[in-house]
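> What follows is a structure written as structure tokens; I'll ask about it next.
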Amino acid sequence: AQSVSQHNHHVILSEAASLELGCNYSYGGTVNLFWYVQYPGQHLQLLLKYFSGDPLVKGIKGFEAEFIKSKFSFNLRKPSVQWSDTAEYFCAVNNHTGGFKTIFGAGTRLFVKA
Amino acid sequence: DVKVTQSSRYLVKRTGEKVFLECVQDMDHENMFWYRQDPGLGLRLIYFSYDVKMKEKGDIPEGYSVSREKKERFSLILESASTNQTSMYLCASRGRTFGEQYFGPGTRLTVT
Chain A
4 AQSVSQHNHH VILSEAASLE LGCNYSYGGT VNLFWYVQYP GQHLQLLLKY
54 FSGDPLVKGI KGFEAEFIKS KFSFNLRKPS VQWSDTAEYF CAVNNHTGGF
104 KTIFGAGTRL FVKA
Chain B
216 DVKVTQSSRY LVKRTGEKVF LECVQDMDHE NMFWYRQDPG LGLRLIYFSY
266 DVKMKEKGDI PEGYSVSREK KERFSLILES ASTNQTSMYL CASRGRTFGE
316 QYFGPGTRLT VT
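In order, the protein sequences belong to chains A and B. With our numbering as the guide, the letters of the first sequence map in order to residues 4 to 117. With our numbering as the guide, the letters of the second sequence map in order to residues 216 to 327.
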């Protein structure tokens, strides 16, 4: 079955530390990739997306993600986290043969200590 | 700016009650979705709709039904609520077939 795997369920970092959240998917073929973020008490919102082109994608708030097709990965990175980055992060994938469905990972809860 | 609204932020219902969750989007999107979000399980698709009166089952449709009579509105119905349906319910809409989704604030449903 098609799936999205996020390696870390909980991550705790101090401010200014670097962040990398792993995401692997099991689809073949052409894929669209997303990272969504849910800040405490807020609705889920798009952080960044990849459809085609440059595999290094820049999103809001200094986040970036790199699509590595050979590794079926789309890891999220930020060089220096802030307390306000405390949130839950979801990786999501859809592909052109999967119809309307987008598959979400289980999420990673990030807590940034001030 | 896309706006997706849900009828309630918090809802408490009793076992066996019929529950209606309403979702409205204001961007003329064709596609609308209902998910439930549970800790450690991410988002699981209950139903989606790709046009008025059209619907497709998602991964966990049992115990749920949906209605889409107008393009902007997508309703989730729990025919007979059970305690295992206690969860956060998220509605989303999407314009392009493979584009990003826009989410509502969620409804936290508690069934007692």
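Glycine included, every Cβ here is placed at the ideal spot set by N, Cα and C.
Does any residue of chain B bring its CB to less than 7 Å from the CB of N97 (chain A)?
At least one chain B Cβ lies under 7 Å of N97 (chain A).
> Where do the ends of the beta strand (DSSP E) carrying A296 (chain B) lie?
Note, A296 (chain B): premise wrong, no beta strand (DSSP E); not H, not E.
> Can you confirm whether F107 (chain A), when its beta carbon is compared against all beta carbons of chain B, has any partner nearer than 7 Å?
Interface residue, yes.
> Just to confirm, is the Cβ distance from S21 (chain A) to S6 (chain A) under 7 Å?
In this structure, S6 (chain A) does not lie closer than 7 Å to S21 (chain A) by Cβ.
> Does the beta-carbon of E118 (chain A) have 16 or more other beta-carbons within 10 angstroms, so that it is buried, or is it exposed?
Lying before the first or after the last residue shown, residue 118 (chain A) is absent from chain A, which here runs from 4 to 117.
> Consider the Cβ of L226 (chain B): report whether some Cβ of chain A lies at a distance smaller than 7 Å.
So, not an interface residue.
> Under 7 Å between C-beta atoms, does H13 (chain A) make it to chain B?
No, its Cβ sits nowhere closer than 7 Å to a Cβ of chain B.
> Taking Q48 (chain A) as the query, report the chain B residues whose CB atoms sit under 9 Å from its CB, ordered along the chain.
Ordered by position in chain B, the residues that pass the 9 Å Cβ test against Q48 (chain A) are Y317 and F318.
> Cβ closer than 7 Å: which chain A residues qualify as neighbours of L305 (chain B)?
Those within 7 Å of L305 (chain B) in chain A are L47.
> Just checking S290 (chain B) against the ligand ATP - is the residue's beta carbon closer than 6 Å to any of the ligand's heavy atoms?
Only the bare structure without any ligand can be found here, which leaves the ligand ATP out of the picture.
> So K218 (chain B) packs on D241 (chain B), CB below 8 Å; how close in whole Å?
Contact flag correct, Cβ pair sits at about 5 Å.
> Starting from G257 (chain B), trace the beta strand (DSSP E) in both directions and tell me its first and last residue.
Element bounds for G257 (chain B): G257 to D266.
> If we define contact as Cβ-Cβ less than 7 Å, is N78 (chain A) a contact residue for chain B?
Taking Cβ atoms only, chain B never reaches closer than 7 Å to N78 (chain A), which makes this a no.
> In chain order, what residues of the same chain have a beta carbon less than 6 Å from the beta carbon of G310 (chain B), not counting five sequence neighbours either side?
The residues are H244.
> So the beta strand (DSSP E) E23 (chain A) belongs to, where does it begin and stop?
Run containing E23 (chain A): L22 to L24, per the beta strand (DSSP E) assignment.
> Measuring CB atoms only, is the segment 260-276 of chain B touching the segment 103-114 of chain A, in the sense that at least three cross pairs come out at less than 8 Å?
The segment 260-276 of chain B is in contact with the segment 103-114 of chain A.
> What span of residues does the beta strand (DSSP E) with D253 (chain B) cover, start to end?
D253 (chain B) -> beta strand (DSSP E) spans N246 to D253.
> So, with DSSP's three-state summary, where would you put I106 (chain A)?
Note: I106 (chain A) maps to strand in three-state DSSP.
> Note down, in chain order, every chain B residue with its Cβ under 9 Å from the Cβ of K52 (chain A).
Neighbours of K52 (chain A) on chain B, chain order: G314 and E315.
> Would you say G278 (chain B) faces chain A, with C-beta separation under 7 Å as the test?
By this cut-off, G278 (chain B) is not an interface position.
> Count the other CB atoms, across all protein chains shown, that sit within 10 Å of the CB of E158 (chain B); report buried if there are 16 or more and exposed otherwise.
Since the displayed chain B opens at 216 and closes at 327, residue 158 (chain B) lies outside it and no answer follows.
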